[in-house]
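Q: Each step along the sequence shown adds one to the number in the working numbering, with nothing skipped, and position 175 is 176. The structure is given below, and queries will be raised subsequently.
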Amino acid sequence: MTDKRYVSMWKDGKWDEGKLVEDGTFQISECAGILHYCQEIFEGLKAYTWEDGSVVAFRPDLNAERMYDSAGRMEMPPFPKDRFLKAVDEVIKANLRWVPPYGSGATLYIRPLMFAYGNVIGVKPADEYMFRIFCTPVGPYYKGGAKPITICVSDFDRAAPHGTGDIKAGLNYAMSLHAHTVAHQNGFDENMFLDPQTRTFVEEAGGANFVFITKDGTLVTPKSNSILPSITRRSLVYLAENVLGMKVEHRPVRFDEVKDFAEAGLCGTAAVISPVGRIVAKDQTIDLPSGMGDMGPVLKKLYNTITGIQQGKIEGPEGWIRKIC
Ligand SMILES: *Cc1c(COP(=O)(O)O)cnc(C)c1O
């Protein structure tokens, strides 16, 4: 729990002016829309301390934009993107003493969320919403280097075609928790979900997108309208193509191609890249050539580039870093 959080309420057809508050708790009615029809969306991003002491956020404009899109799909009032960015600034500034120091590998995780606050009992969108941003320091994801993980192909599905897989909504997680628990019970770190319609294409993990490297060094990322558009993945694709001069392909990826890749990884804000060493399906175990010892060389290069930009060691593309103070 940090010192301050931002709150704004949607009421009578508009967002109020919003403010920082100290209380991390609040009361809601038993009739609040969130508790019945699950109108809730969220975001996740990080703030970093640089060597010169400045504090920055990584591409928060894309979080603002994605949350705006998520709201539209959930029949919730979108929070204006410029106000989202200002609120992120305010929350970080009000909790500066919680931003971990440069070199610690730790960061300040920022969690914007919005949910149906107003009462509903008939099935319809609520007419009042709460938007909040809170933050919490998080430790380095890897203590002592990135260890490749073992994942399984899930028997469950994550998101239906034309469903809500491409928005960041809590409901996409509610129904994946069972798959997650089963995977853990069976000794796996994560799930690989396939497309529910044909079970032949790779979609994503519960909370991270896939990135693959072919034997000739091309970055391949799965394309589907039910994959969440990861900001980390989009950033890696841009860096691969424009900074590292790699070939990139964003296209449907058949599961039966996976055995031919040289490297595989999961990407998202939390870990940036988690190398995948082994993928277990019902009748097949795929051991990636990069092995279980370390991240493969190409993903490592991508990892070092993106984390270098986030930590201020490498100059990033125009507009990727928002200086907070
Ligand atoms: C948040 C999330 C990701 C990762 O997105 P980033 O913007 O890179 O953090 C991937 N998949 C799902 C389902 C997510 O909710």
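Heads up, the beta-carbon is just placed ideally off N, CA and C, and yes, glycines get one too. Since the model is a prediction, treat every value here as computed from it, not as a measurement.
What does DSSP give as the partner residue(s) for Q186 in the beta ladder?
A: The partner list for Q186 (beta bridge, DSSP) is empty, contrary to what the question assumes.
Q: Assign L245 to one of three DSSP states: helix, strand, or coil.
A: coil
Q: Buried or exposed, going by whether 16 or more other CB atoms sit within 10 Å of the CB of A127?
A: Buried, by the Cβ-count rule.
Q: Sort T151, D156 and Q40 by Cα distance to Y130 and report the nearest one.
A: Q40
Q: On the criterion of 16 or more Cβ atoms from any shown chain inside 10 Å, does L300 qualify as buried, or is it exposed?
A: buried
Q: Express the C-alpha separation of V92 and S236 in angstroms, rounding to a whole number.
A: 24 Å
Q: Let me confirm a value: M75 is counted as buried when at least 16 other C-beta atoms fall within 10 Å, else exposed. Which label applies?
A: It is buried - the Cβ of M75 has at least 16 other Cβ atoms within 10 Å.
Q: Rounding to the nearest angstrom, what Cα-Cα distance links P81 and A160 in this structure?
A: Cα to Cα, the separation comes out at about 27 Å.
Q: Are the CB atoms of A282 and F262 nearer to each other than 9 Å?
A: no
Q: Which residues in the same chain have their Cβ closer than 7 Å to the Cβ of G25, if we skip the five residues on either side of it in sequence?
A: M2, R6 and F135
Q: Please specify which runs of the beta strand (DSSP E), each continuous and at least 3 residues long, are wholly inside the region 273-303, giving them in chain order.
A: 273-282 and 285-288
Q: Tell me which residue opens and which closes the alpha helix (DSSP H) that Y38 is part of.
A: G34 to Y38
Q: Roughly how many angstroms separate the alpha carbons of G140 and G123, rounded to a whole number?
A: Those two C-alpha atoms are separated by around 43 Å.
Q: Just confirm the distance between the C-beta atoms of A51 and G313, as a whole number of angstroms; I'd bet it's less than 8 Å.
A: In the sequence on display, residue 51 carries Trp and not Ala. About 4 Å; that satisfies the 8 Å criterion.
Q: Select from S275, G208 and Y304 the residue whose C-alpha is nearest the C-alpha of T151.
A: S275
Q: Give me the DSSP bridge partner(s) of G266.
A: V212 and P276
Q: Below 8 Å on the Cβ atoms is my contact criterion, and I expect Q311 with Y49 to pass it. Report the Cβ-Cβ distance as a whole number of Å.
A: 5 Å
Q: Got a sec? Which residues, its chain only, sit under 7 Å from G309 by beta carbon, not counting five neighbours each side?
A: The residues are I315.
Q: How about G218: is its Cβ closer than 8 Å to a heavy atom in ligand 3?
A: With respect to ligand 3, the structure shown offers nothing to examine, as its ligands consist of ligand 1.
Q: Considering only C-alpha positions, which residue in the set T233, N187 and V238 is nearest to R67?
A: T233
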